[in-house]
Amino acid sequence: MKKITKVLSVLLLIAMIVSMTACSATKVGNEQKQSSETKAENKEPVVVKFPTFYIGSNSGAEWMKNRIETFKEKYGDTIDLQVEEVPGDQAYTDKIKVLLSTDQLPDVVYTGGYNLLDDALVRNAVVDLTPYLEADPEWKALFPEEDLSFNTRDGKVYAIPETSSQIGYFYNKELFEKAGITSPAKTWDELFMQAEALKQAGIVPFAMDTADSGWVTTLWLNSMIGTANEEGNKWMNTMYPVDYNTLEVIEAVGKIQKMFMNYTTKDAVGGKYENAANHFFNGEVAMIANGPWMEADFHDTTKAPEGFASKVGVAMYPNDGMFVSPVIGMFVASKDKEHADAAVEWVKWLTNEESQLVAFETSGRTPVTPTLAIPEDVREKLPLSSQLLEMSAKAKYKYNYHQALWYPNTLDAVSAYYPMLATGKMTPEEFCNALSEEAKKNQ
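What the sequence shown shows, in mature numbering (1 follows the signal peptide of the UniProt record, and there is no 0), is residues -24 to -1, 1 to 419, in sequence order.
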């Protein structure tokens, strides 16, 4: 009996040990699981750095504010979007160039119409976005092949656009009427006849500038080249041209010189875009070349008088020309996959259909997705931008603009040489030769 009791005691002890071991293992397993879950919960959000010039009074500020706020609402727990505000697109571009030279690019670079991509590619600082597009067919389907191709180098997509370029020019209908002008010019000769009629009526015809590559001035120059003939149009669709000594370019520069000397404001030489825009807002000039995003400013009473928008018309350039082209999109410059993945989520947010619609509604920016449904009430709110969308399909000559095509040092040279051209210290031939010399420095 004692023997049986002893055996039972041993068996009971073994059972207790097994039970305690199992409980201990379960406890350790649960603790490990809880520890793993706690670590996941306590994981710091991935930081994505993003500078922007869409701030303050910039026409894209409302769109960018919307995108930032909604992105943080959805992804704030996992992605820490750190936004740096940089006043002015030229200051922004200069900052990106400095950061590139020191290998300190932010995670996402918004190009803003400038070709900042290729310089970054030279330094091997750009993430290939092709795998991300292939992994998300719905996202890829938003972009026409032409737009993706424009952002492709060596078979890889490196940048994604949220808009496309559709640019005409705006005119003040009241000032046209005072000068006896009934409709926009169909030819360049007619445009200069209208300029003379405006001048005779005491009205300054054109808003112009020279600083920061002379944005509004050079849009006129681009259009004169791009609508001259097939050769000129081909030239204005060429990436990184080096020969500005062509008949079409020289003749166009001659027209620009004529505009500077006879048909613009005294402060055009040395002036920035803001100066040119203010002259138009205040009814001091009859015409300004610019994109649809300017329409929002026409309604902004801090920039233009109440009711000014109703006085503005929009037109294609003479010879049925219009900027209709892809643009260089935003690119990712993250140093590792974790940050690149997070950065791509921000790029997707900036380029999705909702974002494109908000951009059109708040600033008239042309959607990159051609099938995007724009509500009728939005079209009625922005009639000029809507007209530009319709005009783009009718344009005979379509072309791109200087900031997307020309070498950066050539753009700087434009600003340097415009004042000499405007004051007659440089001939059109000398101007074109100087730009050619600058462009050749890149070869």
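In this text, a Cβ means the ideal position worked out from N, Cα and C, and glycines have one as well. From a predicted model like this one, the values you see are computed outputs, not experimental measurements.
query	result
Coarse secondary structure for Ala(-3), derived from DSSP in three states	For Ala(-3), the predicted model reports a pLDDT of 49, less than 50, meaning its position is unreliable; a value from the coordinates is still stated below. Three-state DSSP puts Ala(-3) in a helix.
Distance CB(Met298)-CB(Met292) smaller than 7 Å	yes
Sequence-distant residues of its chain with Cβ nearer than 6 Å to Gln379 (five each side left out)	Gly89, Tyr90
Contact check, Ala161 vs Ala177, beta carbons under 7 Å	no
Distance cut-off 6 Å: Tyr86 Cβ against heavy atoms of the ligand FAD	The ligand FAD is absent from the structure shown, which contains no ligands of any kind.
Own chain partners of Leu124 with C-beta closer than 6 Å, once the 5 adjacent residues on each side are dropped	Val133
6 Å Cβ shell around Phe256 - same chain, five flanking residues per side excluded	Ala183, Ile264
Where Val74 falls, given that 16 or more other Cβ within 10 Å makes a residue buried	exposed
One or two residues paired with Val133 in a DSSP bridge	Thr128
Minimum C-alpha distance to Glu150 - residue among Thr46, Val245, Leu358, Gly283	Gly283
Beta-carbon proximity list for Lys374, same chain, < 7 Å, skipping 5 on both sides	Met298, Val300, Ser301
Distance CB(Glu224)-CB(Ala204) smaller than 7 Å	yes
Residue span of the beta strand (DSSP E) that contains Asp56, given as start and end	55 to 61
Ser199 classed as buried or exposed, judged by whether at least 16 other C-beta atoms fall within 10 angstroms	buried
Length of the line joining the Cα atoms of Ser361 and Lys19	45 Å
Residue interval of the beta strand (DSSP E) (run including Met298)	297 to 301
Boundaries (first-last residue) of the alpha helix (DSSP H) holding Phe257	249 to 257
For Phe26, the three-state DSSP class (helix, strand or coil)	strand
Neighbourhood of Thr158 by C-beta distance below 8 Å, restricted to the same chain and skipping five residues each side	Phe152
Proximity winner among Glu406, Asn385, Gln363, relative to Gly144 (alpha-carbon distances)	Gln363
Three-state secondary structure assigned by DSSP to Asn266	strand
Cβ neighbour criterion (16 or more within 10 Å) applied to Asp188	buried
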